[in-house]
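Here the sequence shown is numbered in the UniProt record's numbering, starting from 1 and rising by one per residue. Okay, structure first, notes after.
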Amino acid sequence: MYYFGNSIGCGSAVVRFRLVFPAQCVNSNLRGFGLFWFLNKGLSDFNLALDLGFLTKARKYTFFKPKFIFYATYLSEKIEYWRYITIYRHLKANPEYQVYPIFRYFENWCQDENRHGDFFSALMKAQAQFLNDWKAKLWARFFCLSVYVTMYLNDCQRTAFYEGIGLNTKEFDMHVLIETNRTTARIFPAVLDVENPEFKRKLDRMVEINQKLSAVGESEDIALVKNLKRIPLIAALASELLAAYLMPPVESGSVDLAEFEPQLVY
(Lines of atoms letter the chains of each structure in order from A and count residues from 1; the text may use other names and numbers.)
(Lines give C-alpha, C1' and ligand atoms only; values in the text may rest on other atoms or scores of the structure.)
Protein backbone atom coordinates (compact mmCIF):
# COMPACT_ATOMS: atom_id res chain seq x y z
CA MET A 1 0.00 0.00 0.00
CA TYR A 2 1.04 3.61 -0.53
CA TYR A 3 0.27 6.54 1.74
CA PHE A 4 0.29 10.05 0.35
CA GLY A 5 0.38 12.33 3.40
CA ASN A 6 -2.80 13.91 4.72
CA SER A 7 -3.55 16.75 2.36
CA ILE A 8 -1.87 19.14 -0.01
CA GLY A 9 -3.06 22.72 -0.46
CA CYS A 10 -3.13 24.27 -3.90
CA GLY A 11 -4.62 27.76 -4.03
CA SER A 12 -8.24 27.38 -2.97
CA ALA A 13 -8.21 23.66 -3.76
CA VAL A 14 -7.24 20.93 -1.33
CA VAL A 15 -6.41 17.46 -2.54
CA ARG A 16 -6.72 14.76 0.13
CA PHE A 17 -4.91 11.46 -0.14
CA ARG A 18 -5.52 8.18 1.62
CA LEU A 19 -4.26 4.63 1.77
CA VAL A 20 -4.52 3.05 -1.65
CA PHE A 21 -3.54 -0.27 -3.15
CA PRO A 22 -1.42 -0.44 -6.33
CA ALA A 23 -4.35 -2.03 -8.16
CA GLN A 24 -6.45 1.05 -7.43
CA CYS A 25 -3.69 3.25 -8.84
CA VAL A 26 -3.65 1.22 -12.06
CA ASN A 27 -7.43 1.31 -12.29
CA SER A 28 -7.39 5.11 -12.22
CA ASN A 29 -5.12 5.08 -15.30
CA LEU A 30 -7.09 2.57 -17.35
CA ARG A 31 -8.17 5.03 -20.02
CA GLY A 32 -4.52 5.43 -20.95
CA PHE A 33 -4.31 1.70 -21.61
CA GLY A 34 -7.36 2.02 -23.85
CA LEU A 35 -5.25 4.32 -26.03
CA PHE A 36 -2.96 1.45 -26.93
CA TRP A 37 -5.91 -0.67 -28.02
CA PHE A 38 -7.12 2.20 -30.22
CA LEU A 39 -3.68 2.61 -31.76
CA ASN A 40 -3.49 -1.09 -32.53
CA LYS A 41 -6.87 -0.88 -34.27
CA GLY A 42 -5.62 2.11 -36.26
CA LEU A 43 -2.52 0.20 -37.34
CA SER A 44 -4.71 -2.59 -38.68
CA ASP A 45 -6.06 -0.13 -41.27
CA PHE A 46 -2.57 -0.23 -42.78
CA ASN A 47 -2.17 -4.00 -42.39
CA LEU A 48 0.25 -3.49 -39.50
CA ALA A 49 0.23 -5.07 -36.07
CA LEU A 50 2.27 -5.07 -32.88
CA ASP A 51 2.98 -8.32 -31.09
CA LEU A 52 4.84 -7.57 -27.88
CA GLY A 53 4.31 -10.99 -26.35
CA PHE A 54 7.74 -12.11 -27.50
CA LEU A 55 9.41 -9.62 -25.13
CA THR A 56 8.69 -11.76 -22.08
CA LYS A 57 10.49 -14.65 -23.78
CA ALA A 58 13.23 -12.91 -25.73
CA ARG A 59 14.34 -10.25 -23.24
CA LYS A 60 15.82 -10.63 -19.78
CA TYR A 61 14.15 -8.80 -16.92
CA THR A 62 16.20 -6.03 -15.30
CA PHE A 63 15.52 -4.72 -11.83
CA PHE A 64 15.36 -0.94 -11.44
CA LYS A 65 14.98 0.86 -8.15
CA PRO A 66 11.53 2.49 -7.83
CA LYS A 67 12.98 6.01 -7.82
CA PHE A 68 14.46 5.47 -11.28
CA ILE A 69 11.09 4.28 -12.57
CA PHE A 70 9.43 7.32 -11.01
CA TYR A 71 11.88 9.78 -12.62
CA ALA A 72 11.67 8.15 -16.05
CA THR A 73 7.90 7.62 -16.08
CA TYR A 74 7.15 11.13 -14.82
CA LEU A 75 9.30 12.61 -17.58
CA SER A 76 7.85 10.38 -20.29
CA GLU A 77 4.28 11.26 -19.30
CA LYS A 78 4.93 15.00 -19.17
CA ILE A 79 6.88 15.09 -22.43
CA GLU A 80 4.11 13.13 -24.16
CA TYR A 81 1.58 15.60 -22.77
CA TRP A 82 3.44 18.50 -24.35
CA ARG A 83 3.89 16.62 -27.61
CA TYR A 84 0.19 15.76 -27.85
CA ILE A 85 -1.13 19.16 -26.80
CA THR A 86 1.22 20.98 -29.19
CA ILE A 87 0.12 18.81 -32.10
CA TYR A 88 -3.53 19.15 -31.07
CA ARG A 89 -3.39 22.94 -30.90
CA HIS A 90 -1.54 23.12 -34.22
CA LEU A 91 -4.10 20.91 -35.97
CA LYS A 92 -6.99 22.80 -34.41
CA ALA A 93 -5.58 26.00 -35.90
CA ASN A 94 -4.73 24.27 -39.20
CA PRO A 95 -7.44 21.64 -39.83
CA GLU A 96 -6.18 20.98 -43.36
CA TYR A 97 -3.38 18.93 -41.77
CA GLN A 98 -5.72 16.56 -39.91
CA VAL A 99 -4.82 13.66 -42.17
CA TYR A 100 -6.24 10.90 -39.97
CA PRO A 101 -9.17 10.70 -37.48
CA ILE A 102 -6.86 9.72 -34.61
CA PHE A 103 -5.82 13.36 -34.21
CA ARG A 104 -9.34 14.27 -33.08
CA TYR A 105 -8.72 12.38 -29.84
CA PHE A 106 -5.46 14.05 -28.93
CA GLU A 107 -7.00 16.52 -26.47
CA ASN A 108 -8.31 13.81 -24.15
CA TRP A 109 -5.07 11.87 -24.45
CA CYS A 110 -3.17 15.03 -23.51
CA GLN A 111 -5.14 15.19 -20.29
CA ASP A 112 -4.51 11.51 -19.58
CA GLU A 113 -0.75 11.92 -19.98
CA ASN A 114 -0.80 15.00 -17.76
CA ARG A 115 -2.72 13.19 -15.01
CA HIS A 116 -0.42 10.19 -15.19
CA GLY A 117 2.53 12.53 -14.71
CA ASP A 118 0.81 14.19 -11.76
CA PHE A 119 0.30 10.77 -10.20
CA PHE A 120 4.04 10.08 -10.30
CA SER A 121 4.70 13.60 -9.05
CA ALA A 122 2.59 12.75 -5.97
CA LEU A 123 4.55 9.53 -5.49
CA MET A 124 7.84 11.42 -5.46
CA LYS A 125 6.54 14.16 -3.18
CA ALA A 126 5.41 11.48 -0.74
CA GLN A 127 8.98 10.10 -0.73
CA ALA A 128 10.98 13.29 -0.25
CA GLN A 129 14.29 11.39 -0.19
CA PHE A 130 13.91 11.02 -3.96
CA LEU A 131 14.13 14.78 -4.37
CA ASN A 132 16.09 16.44 -1.60
CA ASP A 133 19.77 15.49 -1.83
CA TRP A 134 22.71 15.93 -4.17
CA LYS A 135 22.29 12.46 -5.66
CA ALA A 136 18.71 13.29 -6.62
CA LYS A 137 19.96 16.37 -8.49
CA LEU A 138 22.45 14.31 -10.47
CA TRP A 139 19.90 11.63 -11.32
CA ALA A 140 17.28 14.24 -12.27
CA ARG A 141 19.68 15.83 -14.76
CA PHE A 142 20.67 12.41 -16.10
CA PHE A 143 17.08 11.38 -16.80
CA CYS A 144 16.22 14.77 -18.31
CA LEU A 145 19.18 14.49 -20.67
CA SER A 146 18.37 10.89 -21.60
CA VAL A 147 14.73 11.62 -22.40
CA TYR A 148 15.34 14.93 -24.18
CA VAL A 149 18.18 13.69 -26.39
CA THR A 150 16.35 10.48 -27.28
CA MET A 151 13.28 12.41 -28.41
CA TYR A 152 15.29 14.95 -30.41
CA LEU A 153 17.40 12.36 -32.22
CA ASN A 154 14.44 10.08 -32.96
CA ASP A 155 12.29 12.91 -34.29
CA CYS A 156 15.07 14.22 -36.51
CA GLN A 157 15.21 10.78 -38.11
CA ARG A 158 11.56 10.97 -39.16
CA THR A 159 10.99 14.58 -40.09
CA ALA A 160 8.59 13.55 -42.87
CA PHE A 161 5.83 12.91 -40.34
CA TYR A 162 6.06 16.35 -38.75
CA GLU A 163 6.44 18.12 -42.07
CA GLY A 164 3.41 16.16 -43.29
CA ILE A 165 1.25 17.81 -40.64
CA GLY A 166 2.76 21.25 -41.19
CA LEU A 167 5.31 21.35 -38.35
CA ASN A 168 9.01 22.16 -38.37
CA THR A 169 10.55 19.21 -36.52
CA LYS A 170 13.29 21.03 -34.64
CA GLU A 171 11.08 23.97 -33.70
CA PHE A 172 8.40 21.56 -32.49
CA ASP A 173 10.91 19.58 -30.44
CA MET A 174 12.47 22.64 -28.82
CA HIS A 175 9.03 23.95 -27.86
CA VAL A 176 8.22 20.57 -26.29
CA LEU A 177 11.56 20.40 -24.47
CA ILE A 178 11.26 23.90 -23.05
CA GLU A 179 7.69 23.39 -21.81
CA THR A 180 8.49 19.94 -20.41
CA ASN A 181 11.54 21.32 -18.64
CA ARG A 182 9.55 24.14 -17.08
CA THR A 183 6.95 21.66 -15.86
CA THR A 184 9.59 19.27 -14.56
CA ALA A 185 11.30 22.09 -12.68
CA ARG A 186 8.29 22.19 -10.34
CA ILE A 187 9.20 18.78 -8.91
CA PHE A 188 12.79 17.81 -9.85
CA PRO A 189 15.50 19.40 -7.65
CA ALA A 190 17.53 20.37 -10.73
CA VAL A 191 16.91 20.44 -14.48
CA LEU A 192 18.91 21.15 -17.60
CA ASP A 193 19.21 24.68 -18.96
CA VAL A 194 17.48 23.83 -22.23
CA GLU A 195 16.78 27.51 -22.95
CA ASN A 196 20.50 28.19 -23.21
CA PRO A 197 21.27 28.43 -26.97
CA GLU A 198 24.35 26.26 -26.42
CA PHE A 199 22.12 23.34 -25.40
CA LYS A 200 20.36 23.39 -28.77
CA ARG A 201 23.69 23.66 -30.57
CA LYS A 202 24.81 20.51 -28.79
CA LEU A 203 21.58 18.74 -29.77
CA ASP A 204 22.10 19.68 -33.41
CA ARG A 205 25.68 18.41 -33.31
CA MET A 206 24.39 15.13 -31.89
CA VAL A 207 21.94 14.91 -34.78
CA GLU A 208 24.80 15.32 -37.27
CA ILE A 209 26.85 12.63 -35.53
CA ASN A 210 23.87 10.30 -35.35
CA GLN A 211 23.25 10.75 -39.08
CA LYS A 212 26.86 9.81 -39.79
CA LEU A 213 26.48 6.71 -37.60
CA SER A 214 23.38 5.73 -39.56
CA ALA A 215 25.24 6.22 -42.83
CA VAL A 216 28.03 3.94 -41.60
CA GLY A 217 25.49 1.28 -40.69
CA GLU A 218 23.88 1.47 -44.13
CA SER A 219 27.17 1.36 -46.02
CA GLU A 220 28.45 -1.74 -47.80
CA ASP A 221 31.68 -1.87 -45.81
CA ILE A 222 32.60 -5.05 -44.00
CA ALA A 223 31.73 -5.28 -40.30
CA LEU A 224 35.29 -4.57 -39.13
CA VAL A 225 35.53 -1.36 -41.17
CA LYS A 226 32.11 -0.24 -39.96
CA ASN A 227 33.10 -0.73 -36.34
CA LEU A 228 36.34 1.20 -36.84
CA LYS A 229 34.42 4.09 -38.43
CA ARG A 230 31.94 4.08 -35.56
CA ILE A 231 34.56 4.50 -32.83
CA PRO A 232 35.36 8.23 -33.37
CA LEU A 233 31.69 9.01 -33.97
CA ILE A 234 30.57 7.30 -30.76
CA ALA A 235 33.35 9.10 -28.89
CA ALA A 236 32.19 12.44 -30.33
CA LEU A 237 28.57 11.68 -29.38
CA ALA A 238 29.61 10.71 -25.84
CA SER A 239 31.61 13.93 -25.58
CA GLU A 240 28.60 16.04 -26.58
CA LEU A 241 26.37 14.18 -24.12
CA LEU A 242 28.83 14.70 -21.28
CA ALA A 243 29.25 18.38 -22.15
CA ALA A 244 25.48 18.85 -22.16
CA TYR A 245 25.18 17.10 -18.80
CA LEU A 246 27.93 19.25 -17.26
CA MET A 247 26.37 22.54 -18.36
CA PRO A 248 25.35 24.60 -15.29
CA PRO A 249 21.92 23.28 -14.27
CA VAL A 250 18.85 25.20 -13.20
CA GLU A 251 18.24 24.73 -9.48
CA SER A 252 14.56 23.99 -9.03
CA GLY A 253 11.97 21.81 -7.38
CA SER A 254 9.84 21.88 -4.27
CA VAL A 255 8.47 19.09 -2.11
CA ASP A 256 5.38 21.21 -1.50
CA LEU A 257 3.01 22.31 -4.23
CA ALA A 258 3.55 25.91 -5.24
CA GLU A 259 0.90 28.38 -4.17
CA PHE A 260 -0.99 29.68 -7.17
CA GLU A 261 -4.53 30.25 -8.31
CA PRO A 262 -6.05 27.15 -9.89
CA GLN A 263 -5.97 27.40 -13.67
CA LEU A 264 -7.46 25.34 -16.44
CA VAL A 265 -4.60 23.42 -18.05
CA TYR A 266 -4.94 21.79 -21.44
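Cβ atoms here follow ideal geometry from the backbone N, Cα and C, with glycine treated the same way.
Using the rule of at least 16 other Cβ atoms within 10 Å of the residue's Cβ for burial, across every protein chain shown, is Trp134 buried or exposed?
-> Within the sequence shown, residue 134 is the residue found at index 134, counting from 1. Exposed is the call here.
In whole angstroms, what separates the C-alpha of Cys144 from that of Leu192?
-> The count along the sequence shown starts at 1 and reaches residue 144 at position 144. The count along the sequence shown starts at 1 and reaches residue 192 at position 192. Cα to Cα, Cys144 sits roughly 7 Å from Leu192.
Provide the residue span of the alpha helix (DSSP H) that contains Arg115, from first to last.
-> In the sequence shown, residue 115 corresponds to position 115, counting from 1. Counting along the chain, the alpha helix (DSSP H) containing Arg115 begins and ends at 106-126.
Delimiting residues of the alpha helix (DSSP H) encompassing Glu61 | Within the sequence shown, numbered from 1, the residue matching residue 61 stands at position 61. Per the sequence shown, residue 61 should be read as Tyr rather than Glu. Taken as a continuous stretch (DSSP letters only), Tyr61 belongs to no alpha helix (DSSP H), as it is neither H nor E.
Taking all protein chains shown into account, do 16 or more other C-beta atoms lie within 10 angstroms of the C-beta of Pro248, making it buried, or fewer, making it exposed?
-> Within the sequence shown, residue 248 is the residue found at index 248, counting from 1. When all chains shown are included, Pro248 counts as exposed.
Locate the alpha helix (DSSP H) running through Met151, then write down its first and last residues.
-> Taking the sequence shown and counting its residues from 1, the one referred to as residue 151 is at position 151. Run containing Met151: 134-156, per the alpha helix (DSSP H) assignment.
Reduced DSSP secondary structure (H/G/I, E/B, other) of Val176 | For this step, residue 176 is matched to residue 176 along the sequence shown. It is helical.
Going by C-alpha distance, which of Ser239, Ile165, Leu213, Met206 is nearest Ala93?
-> For the purposes of this step, residue 93 is identified with residue 93 of the sequence shown, where counting begins at 1. Shortest Cα-Cα distance from Ala93 to any of Ser239, Ile165, Leu213, Met206 involves Ile165.
Looking at the unbroken alpha helix (DSSP H) that takes in Leu203, where does it start and where does it end?
-> Along the sequence shown, one-based indexing puts residue 203 at 203. From DSSP, the alpha helix (DSSP H) with Leu203 extends over 197-218.
Look at the Cβ atom of Ile187, then the Cβ atom of Lys137, and state whether they are nearer than 9 Å.
-> The residue labelled residue 187 in the question sits at position 187 within the sequence shown. The residue labelled residue 137 in the question sits at position 137 within the sequence shown. In this structure, Lys137 does not lie closer than 9 Å to Ile187 by Cβ.
Close beta carbons around Ile209, own chain, < 6 Å, minus the five adjacent residues each side | Within the sequence shown, residue 209 is the residue found at index 209, counting from 1. Correct list, in chain order: Leu233, Ala236, Leu237.
Could you tell me the boundaries of the alpha helix (DSSP H) in which Ile234 lies?
-> Start at 1 with the first residue of the sequence shown, and residue 234 comes out as number 234. Per DSSP, Ile234 belongs to the alpha helix (DSSP H) from 223-246.
Helix, strand or coil at Ala93 according to DSSP, with G and I counted as helix = Stepping through the sequence shown from its first residue, residue 93 is reached at position 93. Here Ala93 sits in helix by DSSP.
Which listed residue (Val99, His175, Lys229, Ala58) has its alpha carbon closest to that of Ser214 | Your numbering for residue 214 matches position 214 in the sequence shown. The shortest Cα separation from Ser214 among Val99, His175, Lys229, Ala58 belongs to Lys229.
Just tell me which of Phe106, Tyr71, Thr169, Asp155 has its CA closest to the CA of Ser121.
-> Mapped onto the sequence shown, residue 121 falls at position 121. Here the closest residue by C-alpha is Tyr71.
Output yes or no for whether 9 Å exceeds the beta carbon distance between Val149 and Leu203.
-> Taking the first residue of the sequence shown as position 1, residue 149 is located at position 149. Taking the first residue of the sequence shown as position 1, residue 203 is located at position 203. In this structure, Leu203 lies closer than 9 Å to Val149 by Cβ.
From the DSSP output, read off the bridge partner residues of Ala190.
-> For the purposes of this step, residue 190 is identified with residue 190 of the sequence shown, where counting begins at 1. Looking at the DSSP assignment, Ala190 forms a beta bridge with Glu251.
What's the gap between the Cα of Val250 and the Cα of Ile222?
-> Here the question's residue 250 lines up with position 250 in the sequence shown. Here the question's residue 222 lines up with position 222 in the sequence shown. So the two alpha carbons sit approximately 45 Å from each other.
Secondary structure of Gln129, DSSP reduced to three states = Indexing the sequence shown from 1 puts residue 129 at position 129. Of the three classes helix, strand and coil, the one that applies to Gln129 here is helix, per DSSP.
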